[in-house]
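Here the working numbering = 1-based position in the sequence shown + 1. These notes concern the structure reproduced below.
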Amino acid sequence: MGRTFSPATPQFPHMLHGGDYNPEQWMDSPEILEEDIRLFREAHINCVSLGIFSWANLEPQKDVYRFEWMDKIIDKLYENGIYTVLATPSGARPQWLAQEYSEVLRVRPDGTRNLYGERHNHCYTSPVYRERVTKIDTALAKRYANHPGVILWHISNEFGGECHCELCQQAFRQWVQEKYGTLDALNHAWWSHFWSHTYTDWSQVHSPSPIGETSIHGLNLDWRRFVTHQTIDFMKTEIDAVKAVNPDIPVTTNMMTMYVYELNYFKFRDALDLISWDNYPEWHNPWGNEEVAKDCAMTHDMMRSIQKKPFLMMECTPSATNWQSVSKLKKPGMHELSVIQAIAHGADSGQYFQLRQSRGSCEKFHSAVISHTGTENTRTFQEVAQTGTDLEKLSDRVYGSDSPAQVAIIFDTENKWALDCCRGPRNAGLDYFGNIRKNYSYFWKNGITTDIVDSEFDFSGYKLVIAPMLYLFRAGIQDKLRRFVEQGGTLVTTCFTGVVNETDLCFLGEATEEKLSNVLGLWVEETDSLYDCESNHTTWNNKRYRLTELCEICHPTTCEVLSVYEEDFYAGAPVLTKNRFGKGTAYHLCATADEEFFRDFYEKLASQLQLERALETEVPKGVSLTWRESEREKLIFVQNFEGDAAALELDQPYTDMLTGETYDKNLTVDGYSFAVITPAGCI
Ligand code: GLA
Ligand code: ZN
Numbered sequence: 002m003g004r005t006f007s008p009a010t011p012q013f014p015h016m017l018h019g020g021d022y023n024p025e026q027w028m029d030s031p032e033i034l035e036e037d038i039r040l041f042r043e044a045h046i047n048c049v050s051l052g053i054f055s056w057a058n059l060e061p062q063k064d065v066y067r068f069e070w071m072d073k074i075i076d077k078l079y080e081n082g083i084y085t086v087l088a089t090p091s092g093a094r095p096q097w098l099a100q101e102y103s104e105v106l107r108v109r110p111d112g113t114r115n116l117y118g119e120r121h122n123h124c125y126t127s128p129v130y131r132e133r134v135t136k137i138d139t140a141l142a143k144r145y146a147n148h149p150g151v152i153l154w155h156i157s158n159e160f161g162g163e164c165h166c167e168l169c170q171q172a173f174r175q176w177v178q179e180k181y182g183t184l185d186a187l188n189h190a191w192w193s194h195f196w197s198h199t200y201t202d203w204s205q206v207h208s209p210s211p212i213g214e215t216s217i218h219g220l221n222l223d224w225r226r227f228v229t230h231q232t233i234d235f236m237k238t239e240i241d242a243v244k245a246v247n248p249d250i251p252v253t254t255n256m257m258t259m260y261v262y263e264l265n266y267f268k269f270r271d272a273l274d275l276i277s278w279d280n281y282p283e284w285h286n287p288w289g290n291e292e293v294a295k296d297c298a299m300t301h302d303m304m305r306s307i308q309k310k311p312f313l314m315m316e317c318t319p320s321a322t323n324w325q326s327v328s329k330l331k332k333p334g335m336h337e338l339s340v341i342q343a344i345a346h347g348a349d350s351g352q353y354f355q356l357r358q359s360r361g362s363c364e365k366f367h368s369a370v371i372s373h374t375g376t377e378n379t380r381t382f383q384e385v386a387q388t389g390t391d392l393e394k395l396s397d398r399v400y401g402s403d404s405p406a407q408v409a410i411i412f413d414t415e416n417k418w419a420l421d422c423c424r425g426p427r428n429a430g431l432d433y434f435g436n437i438r439k440n441y442s443y444f445w446k447n448g449i450t451t452d453i454v455d456s457e458f459d460f461s462g463y464k465l466v467i468a469p470m471l472y473l474f475r476a477g478i479q480d481k482l483r484r485f486v487e488q489g490g491t492l493v494t495t496c497f498t499g500v501v502n503e504t505d506l507c508f509l510g511e512a513t514e515e516k517l518s519n520v521l522g523l524w525v526e527e528t529d530s531l532y533d534c535e536s537n538h539t540t541w542n543n544k545r546y547r548l549t550e551l552c553e554i555c556h557p558t559t560c561e562v563l564s565v566y567e568e569d570f571y572a573g574a575p576v577l578t579k580n581r582f583g584k585g586t587a588y589h590l591c592a593t594a595d596e597e598f599f600r601d602f603y604e605k606l607a608s609q610l611q612l613e614r615a616l617e618t619e620v621p622k623g624v625s626l627t628w629r630e631s632e633r634e635k636l637i638f639v640q641n642f643e644g645d646a647a648a649l650e651l652d653q654p655y656t657d658m659l660t661g662e663t664y665d666k667n668l669t670v671d672g673y674s675f676a677v678i679t680p681a682g683c684i
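So, in structure tokens, the structure goes:
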């Protein structure tokens, strides 16, 4: 059986159910604040995230602090059994701060400084901003870090973006100088003799800009690395401030989905006690819920993998957002299913944005647990309350349990940055995420737990490692993958893998260790790009598959050729290859294939490698299986993301953890619903 992790929030070691609470909007309506507490209890809310955007109320004027209102709220919540996740307020500044110190406002890549407004757009380098943030964080910590109701620090809110001001330029120059040491090393790493862009003085180093330099790919990459570095450095000043008062309260920060933002979240691993993220899938869109559920599952898996332990889902919407192109309601059942999906993938919470809907300003139409009606008589409220009731039932057995994985897919943020700025071979799109998704699909659907890791991980515990389109090799990945295969692991790589080094310089030579040629048993000579309307084909295992986008033409050295191209001048050249290396095996797919190929290929591989599944059964359309494992039992989550009921055959009797019912041979799960089951006899 699996491990049980020590509690994420030791002062309240239970599944968290709560969300963002912004009472500063209702300071003139004490009756509303009273009513909130009653409604929270009705909704089985056990925690609130407080103070996220409270700076102007906490420090209405420079160095004038007002904590009395917050004292009352934290005390009152605690008396009612509701715990506080306390935020540092640095996500949005008060007006007075920007008015007095314009350096706190962010500068855009074209050099223009923002006016005051919005949020999340301050300079992370500004000494003034850091000083003011440290002051307010320290004051908050002194007041609340020893309060029995405060269980977790929520550092800032959704770190993101970048600043190009002169302070940031100086910090970037210093970072670059520390990294490279000499201008010669810099010019080599960035290949800046090309187009005569040679750096002759450190002061010439400047961030990429649409009105300046974008052609040096090593610079582009290093700038993104610096932005992550500087964001973490800023976050650490906040963490230091609150930990100085009480080191025992854990810290987290709420991350966003892996698709949109430009930070390398894996680098946050060591600075935080636990990982949390904000999850806003577009359920019920015309492309179908299964696709949405898959993407969402993949991000949950990545968040769990960052520290390889349970995480929190810090935000999701109780029903509709107000910012998606079409902000749809969640259909009945979808809300709880979405929370259960997070838990199935390793979350120990279901938290929302937000608890009470705001009355004005730009988020007034974002759904909330308590809507503008101000009552419990809404479908959304009742579904939230039901979710809270079920989480209470599951908590003792699920909280802190493990998600052991035998498969890892490498998703490397730095590789994404490099592909984003890579000019050629196919500027119509290389679709890195699409490639990751196609590789992930089979495992997600079939209940095979998959970690989403980056190049800095240790792969030794896995049976199968997949590196889709890993164009940029860094962090000694060649050695790690070589050792992994040598020692018996199975590796799958796909086209456009192992092309450049850490600073985006192409590897030279035919077959080289640097490109993993010996592990794959081949070397690549040319790569053809296909228009969207073009395709090639290959036949493997008696089935014909379509190939698109990129087609590598390679030379086998020691590999076995499992399938070949059927068209164009490279007909007959290898597509799928297999190479025995040491005690293991490496497969390489030379072209971009459709998801169908990956499903069939991994089905075969999963059975050869005897990968553990949640359940041995045929999985119906719309359904996904996932499992967690504690010291006592295997907890299986059957999730139905489509509107029609789905039936599964069972390999043995199972007991439903919520209803106590036992299913002998079959289980039917309603549309937008789920079941959490465990082998009968475990209860
Ligand atoms: C983000 C923010 C919240 C809120 C929600 C709306 O996740 O952290 O403050 O704006 O989006 O969906
Ligand atoms: Zn700046």
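Backbone N, C-alpha and C fix where the C-beta goes; we use that ideal spot for every residue, glycine too. No experiment lies behind these values; they were computed from the predicted model shown.
query: Hey, would you say the C-beta of Cys555 is under 7 Å away from at least one heavy atom of ligand 2?; result: no
query: DSSP three-state call for Gln488: helix, strand or coil?; result: coil
query: Within 10 angstroms of the Cβ of Gln609, are there 16 or more other Cβ atoms? Answer buried if so, exposed if not.; result: exposed
query: Using the beta-carbon count (16 or more within 10 Å), is Val454 buried or exposed?; result: buried
query: Using CA coordinates, which residue listed in Trp445, Arg226, Tyr603 is at the minimum distance from Thr494?; result: Tyr603
query: Apart from the five residues on each side of it in sequence, which residues of its chain come closer than 7 Å, Cβ to Cβ, to Val105?; result: Arg94, Leu98, Ala99, His123, Cys124, Ser127, Val129, Tyr130
query: Under a Cβ-count criterion, where at least 16 other Cβ atoms within 10 Å of its own Cβ denotes burial, should Lys417 be classed as buried or exposed?; result: buried
query: So is Cys363 buried or exposed if we call it buried at 16+ other beta carbons inside 10 Å?; result: exposed
query: Would you call the stretch 343 to 357 and the stretch 626 to 638 in contact, with 3 or more CB pairs under 8 Å?; result: yes
query: In or out: Gln342 buried (at least 16 other Cβ within 10 Å) or exposed?; result: buried
query: Among residues of its own chain, excluding the 5 on either side of Ala574, which ones have a beta-carbon nearer than 8 Å to its beta-carbon?; result: Ile554, Cys555, Val565, Tyr566, Cys591
query: Is Val108 near ligand 2 - that is, is its Cβ less than 7 Å away from at least one heavy atom of it?; result: yes
query: Quick check on Pro11: buried or exposed, where buried means 16 or more other Cβ atoms within 10 Å of its Cβ?; result: exposed
query: Who are the near neighbours of Leu551 in its chain, counting only those whose CB is closer than 8 Å to its CB and skipping five residues on each side?; result: Pro426, Arg427, Leu431, Cys496, Phe497, Thr528, Asp529, Ser530, Leu531, Ala592, Thr593
query: Whose CA, out of Thr89, Phe269, Phe598, His198, lies closest to the CA of Arg226?; result: Phe269
query: Could you tell me the alpha carbon to alpha carbon distance between Asn286 and Asn147, rounded to whole angstroms?; result: 45 Å
query: Rounded to whole angstroms, what's the CA-CA distance from Ile678 to Thr669? Just pull it up for me.; result: 12 Å
query: Pull the bridge partners of Leu338 from the DSSP assignment, please.; result: Paired residues: none, contrary to the question.
query: For Gln231, count neighbouring C-beta atoms within 10 Å of its own C-beta (all shown protein chains included) and say buried if the count is 16 or more, exposed if not.; result: buried
query: Count the other CB atoms, across all protein chains shown, that sit within 10 Å of the CB of Glu526; report buried if there are 16 or more and exposed otherwise.; result: exposed
query: If contact is defined by three or more beta carbon pairs under 8 Å, each pair taking one atom from either stretch, is the stretch 431 to 451 in contact with the stretch 509 to 524?; result: no
query: Closest to Asp413 by C-alpha separation, out of Ser402, Phe382, Glu503, would be which residue?; result: Glu503
query: Taking the beta carbon of Thr183 as the centre, do at least 16 other beta carbons fall within 10 Å, making it buried, or is it exposed?; result: exposed
query: Got a sec, what are the start and stop residues for the beta strand (DSSP E) Asp657 sits in?; result: 655 to 657
query: Got a sec, what are the start and stop residues for the alpha helix (DSSP H) Cys422 sits in?; result: 414 to 422
query: For Glu60, which residues of its own chain have a beta-carbon under 6 Å away from its beta-carbon, when the five flanking residues on both sides are left out?; result: Tyr66, Ile137
query: Return yes when at least one heavy atom of ligand 2 lies under 7 Å from the C-beta of Ser204, else no.; result: no
query: Looking at C-alpha atoms only, which residue of Arg144, Thr135, Lys439, Pro149 is the closest neighbour of Ser157?; result: Thr135
query: Provide the residue span of the beta strand (DSSP E) that contains Thr528, from first to last.; result: 523 to 530
query: Reducing DSSP to helix, strand and coil, say where Ala615 ends up.; result: coil
query: Tell me which same chain residues have a C-beta within less than 8 Å of the C-beta of Leu651, skipping the five on either side of it?; result: Leu616, Thr618, Tyr664, Asp665, Lys666, Asn667, Leu668
query: Does Thr139 come out as helix, strand or coil in the three-state DSSP assignment?; result: helix
query: Could you tell me which residues DSSP puts in a beta bridge with Asp403?; result: Glu630
query: Return helix, strand or coil for His538, following the three-state DSSP convention.; result: strand
query: Helix, strand or coil for Gln325, going by three-state DSSP, please let me know.; result: coil
query: Can you tell me the Cα-Cα spacing of Val576 and His589, whole angstroms?; result: 8 Å
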